[in-house]
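Notes follow the structure.
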Amino acid sequence: MKTRAVRIRHALIVVWTIAMVIFVYLPSLSITLASLTSSRYFIFPINKWGLDWWRKTLDSIQIHQILETSLVIALVVTAISIVLAFFGALAFARYDWKGRSWFQKLILLPIFFPQSVLGLALLLWFNAIGLQLSWQTAVFAHLVWIVPVVTLVISIQVYSFDPAIEEAAYDLGASRLQVLREITIPVLMPGIFSGGLFAFLLSWGNFPLSLFTTGADTTVPEYLYAKMVAGYTPGVPVLGTISTVGAIVILIGGYLVMLALNRRRRAGAG
Amino acid sequence: MSERRITAGAWSASPVILFLLIGFAAPLAAIIVFSFMPPRTFGFGGQPTFENYVTIFESTTYISLLWSLGFAAMTVVILAFICYPVAYGLVRVFGRWSTLVTLLFVIPLFVSENVRLYGWLLFFIKNGVLLGSLKSMFGLDLESILFTRGIVLFGMVYVYIPFMLFPLTLGISMVPNETREAARDLGATRWQVFREVELPLSLPGLMIGSLLTFVLAVGAIAEAKVLGGQQIIPIAHDIEIAFTYAQNWPLGAALSVLLMLIVGALVLLVLRRVDLDRLLGRR
């Protein structure tokens with residue numbers, strides 16, 4: 001039973017949200033439009049549509065190399081951060097231990113930190129211990145920020161986890177490893193999966209940490225930035241569109257996998 | 001039982017703690033030590049000195065710092081207002097559409113911010129999407145608003161939307177529906193419910209969102225570079241210049257330490273007042 005005032009308020013909220021969504025996607029739309037022109041400069045309305053710049057960009061060996069560097073960094077970051085953050089999340093949300101509230105704050109600090117400063121601090125640190133900068137140091141830099149984020153993502157799942165199942169397994173004589181493999185990991189799978197998704201995508205899109213820590217290797221956001229500063233190149237909108245569409249595809253694909261996981265779990269339980 | 005839990009907690013935490021000591025605490029210590037090295041040196045061997053800090057206070061760097069702090073504060077206030085209705089809608093109005101709306105606001109997080117700002121550049125530039133359309137449809141020939149201070153603030157508000165929206169959503173979902181209903185039944189007006197019930201109970205989310213937005217915005221650099229055309233020099237830009245063109249690492253380190261102190265004080269102040277377990281949904 002909704003009153004008129006409530007209905008009007010809800011309608012206003014819906015309209016405002018739609019406006020915000022349009023606002024959020026306007027720049028992506030502009031970039032996509034710019035990538036579809038075949039003239040050297042972007043003039044709107046477009047009079048020469050074409051995929052010329054897509055072809056040129058996709059054929060470039062340099063672009064392949066950059067995409068490969070970004071992909072390798074993101075995959076390694078995902079793998080390592082899942083392992084670290086899984087145990088981190090158990091300590092964050094599952095166990096009651098003495099240092100827990102202290103640990104929770106430690107985890108948040110790198111998230112609540114200006115990334116450009118963190119990148120520079122890492123640059124100084126790598127320099128001090130004599131590490132040569134390359135994609136590996138960038139992996140390390142990404143992890144400093146991404147491990148805490150993934151820990152939080154998995155923790156949210158851990159909060160809804162009933163510790164009694166684990167205790168029951170212990171009482172039935174299961175070893176610690178068995179409990180981990182048979183109970184904890186399967187139950188937390190949705191959280192681990194979305195944590196992995198976050199890790200991959202955040203690493204893929206990261207700029208401020210990569211800027212100072214990749215050395216001679218170049219990631220996609222770094223390349224785009226260098227080109228943007230240098231002046232207009234039609235390759236920038238193309239690569240920008242690719243990274244945007246890539247993120248959308250991966251996220252929606254991941255979302256569908258999550259739904260499937262949940263359904264299987266519910267079927268298994270029922 | 002509890003014995004096992006205590007050790008299990010410490011053991012599970014140890015890899016992350018070790019990693020953050022090497023990857024977070026040590027670099028910060030390095031930058032602090034470096035800020036006391038003589039100007040234009042590149043090692044830790046020099047005689048400690050306060051020279052870099054003196055240089056900062058004698059220079060005009062404080063202008064950059066004030067710009068960054070001021071713009072970050074404005075970004076937080078604007079975002080709180082424009083995100084609140086959406087966050088409220090996500091919790092109370094959209095129902096099963098909430099997941100889709102959330103997803104729509106999550107996606108841009110994963111596209112590098114300079115790419116999205118570049119999209120705004122193409123939107124606002126002369127003969128771009130906006131001005132080009134206005135010209136061809138209405139014959140209007142307007143000046144671009146790019147490369148002004150206002151557009152830098154606009155860019156910052158745009159980039160940090162999700163960082164305000166999601167903590168705010170968590171905060172609002174902490175307000176029990178029964179409490180709101182009860183307040184209504186006792187005769188509170190809509191405004192009273194908001195001021196006396198919803199706002200105070202969702203405050204942790206608002207605080208975390210504001211903190212996160214403020215901290216990230218203070219370190220923002222891309223907005224001023226891509227959209228602002230050097231109208232504003234944010235503090236992060238000064239730091240980057242010191243490390244790159246000027247080749248004065250100790251000065252850059254001292255500037256970083258200054259920024260870290262401001263940010264660190266704020267973070268500790270806010271985190272002390274927030275119960276993370278409740279915010280993240282512990283039952």
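Residue numbers (the working numbering), protein chains in the order written: chain A, 1 to 270; chain B, 1 to 283. All C-beta atoms in this analysis are idealised placements derived from N, C-alpha and C, irrespective of residue type, glycine included.
Q: State yes or no: is the beta carbon of Asn127/B nearer than 7 Å to at least one beta carbon in chain A?
A: It does: the Cβ of Asn127/B has a partner Cβ on chain A nearer than 7 Å.
Q) What separation, rounded to the nearest whole angstrom, lies between the Cα atoms of Leu177/A and Ala168/A? A) One C-alpha to the other measures close to 15 Å.
Q | Trp49/A, DSSP secondary structure in three states | A | If DSSP states are grouped into helix, strand and coil, Trp49/A belongs with the strands.
**Q.** With 16 other Cβ atoms within 10 Å as the buried cut-off, status of Leu123/A
**A.** Leu123/A comes out buried.
Q. Below 8 Å, can you find three or more Cβ-Cβ pairs linking the stretch 128-139 of chain A to the stretch 180-196 of chain A?
A. With the cut-off at 8 Å, the stretch 128-139 of chain A and the stretch 180-196 of chain A do not touch.
Q) Are the C-beta atoms of Met20/A and some chain B residue less than 7 Å apart? A) True, the Cβ-Cβ gap to chain B drops below 7 Å.
Q: Could you spell out the range, first to last residue, of the alpha helix (DSSP H) harbouring Tyr245/B?
A: First-last for Tyr245/B: undefined, no H or E at that position.
**Q.** Which of helix, strand or coil DSSP assigns to Thr37/A
**A.** In this structure, Thr37/A counts as strand in the three-state DSSP scheme.
(Q) I need the boundaries of the alpha helix (DSSP H) containing Pro110/A, first residue and last residue. (A) Here the alpha helix (DSSP H) through Pro110/A covers 100-111.
Q | N-terminal and C-terminal residue of the alpha helix (DSSP H) that Ile183/A is part of | A | Careful: Ile183/A lies outside any alpha helix (DSSP H) and carries neither H nor E.
**Q.** Interface residues of chain B facing Tyr255/A [CB-CB closer than 7 Å]
**A.** The contacting residues are Leu103.
Q: Please report how far the alpha carbon of Val296/A lies from the alpha carbon of Val6/A, in whole angstroms.
A: Outside the modelled stretch of chain A, which goes from 1 to 270, sits residue 296/A, for which no answer is possible.
**Q.** Listed by chain order, chain D residues near Ile107/B by CB distance under 7 Å
**A.** The structure shown has no chain D; the protein chains it does contain are A and B.
Q: Determine the contact status of Ala260/A and Ile154/A, defining contact as a CB-CB distance below 7 Å.
A: No, the pair does not count as a contact, with Cβ atoms beyond the cut-off.
Q. Grouping DSSP H, G and I as helix and E and B as strand, with all else coil, what is Trp120/B?
A. Looking at Trp120/B - three-state DSSP - the assignment turns out to be helix.
**Q.** Between the CA atoms of Ala224/B and Gln231/B - distance to the nearest angstrom
**A.** If I take the Cα positions, the gap works out to 7 Å.
(Q) Please confirm whether Asn114/B has its beta-carbon closer than 7 Å to some beta-carbon of chain A. (A) Closer than 7 Å to some Cβ of chain A, the Cβ of Asn114/B qualifies, so yes.
Q: Figure out for me which residue from Tyr41/A, Gly235/A, Ile192/A has the closest Cα to the Cα of Phe161/A.
A: Distance check between Phe161/A and each of Tyr41/A, Gly235/A, Ile192/A places Ile192/A closest, using alpha-carbon atoms only.
Q.
Using a Cβ-Cβ distance cut-off of 7 Å, determine whether Ser38/A contacts chain B.
A. No - not a single Cβ of chain B is within 7 Å of the one on Ser38/A.
Q | Contacting residues, own chain, Cβ-Cβ under 7 Å from Leu142/B (five flanking each side not counted) | A | Here the set comprises Leu131, Leu134.
Q | Glu51/B - containing alpha helix (DSSP H), residue span | A | Looking at the DSSP string, the run of the alpha helix (DSSP H) that includes Glu51/B is 51-58.
**Q.** Any C-beta of chain B under 7 Å from that of Gly205/A
**A.** Answer yes: the Cβ-Cβ gap between Gly205/A and chain B drops below 7 Å somewhere.
Q. Rounded to a whole number of angstroms, what is the C-alpha to C-alpha distance between Gly128/B and Gly187/B?
A. In this model, Gly128/B and Gly187/B are separated by some 53 Å (Cα to Cα).
Q. Can you give the Cα-Cα distance for Leu28/B and Ile56/B, rounded to whole angstroms?
A. Leu28/B and Ile56/B: Cα-Cα distance of roughly 19 Å.
Q | Ala26/B versus Thr233/A - alpha carbon distance | A | Answer to the nearest angstrom: the Cα atoms are 40 Å apart.
(Q) Does the CB of His10/A have a neighbour CB from chain B at under 7 Å? (A) Output row for His10/A: interface = yes.
Q: Note the first and the last residue of the continuous alpha helix (DSSP H) segment covering Ile146/A.
A: According to the DSSP assignment, Ile146/A belongs to the alpha helix (DSSP H) that extends over 135-159.
Q: Please confirm if Ser81/A has its CB atom under 7 Å from at least one CB of chain B.
A: With 7 Å as the cut-off, Ser81/A does not count as an interface residue toward chain B.
Q. What does Met258/A reach in chain B if we use C-beta pairs closer than 8 Å?
A. What Met258/A touches in chain B: nothing, since even the nearest Cβ is about 10 Å away.
Q.
Looking only at its chain, what residues have a beta carbon closer than 8 Å to the beta carbon of Arg4/A, apart from the 5 residues adjacent to it on each side?
A. There are no such residues.
Q) Where do the ends of the alpha helix (DSSP H) carrying Glu198/B lie? A) Neither: Glu198/B is in no alpha helix (DSSP H) and is coded neither H nor E.
Q.
So, for Arg149/B: in the same chain, excluding its five sequence neighbours on each side, which residues have a beta-carbon less than 8 Å away from its beta-carbon?
A. For Arg149/B, where only same-chain residues beyond five positions count, the Cβ hits under 8 Å are Gly228, Gln231, Ile232.
Q. Under three-state DSSP, which class holds Gln65/A?
A. In this structure, Gln65/A counts as helix in the three-state DSSP scheme.
Q: Just confirm the distance between the C-beta atoms of Ile31/A and Leu122/B, as a whole number of angstroms; I'd bet it's less than 8 Å.
A: Rounded, the Cβ-Cβ distance is 6 Å, consistent with contact.
(Q) Here's the rule: buried if 16 or more other CB atoms are within 10 angstroms of the residue's CB, otherwise exposed. What is Phe94/B? (A) The residue in question, Phe94/B, is buried, as its Cβ has 16 or more Cβ neighbours within 10 Å.
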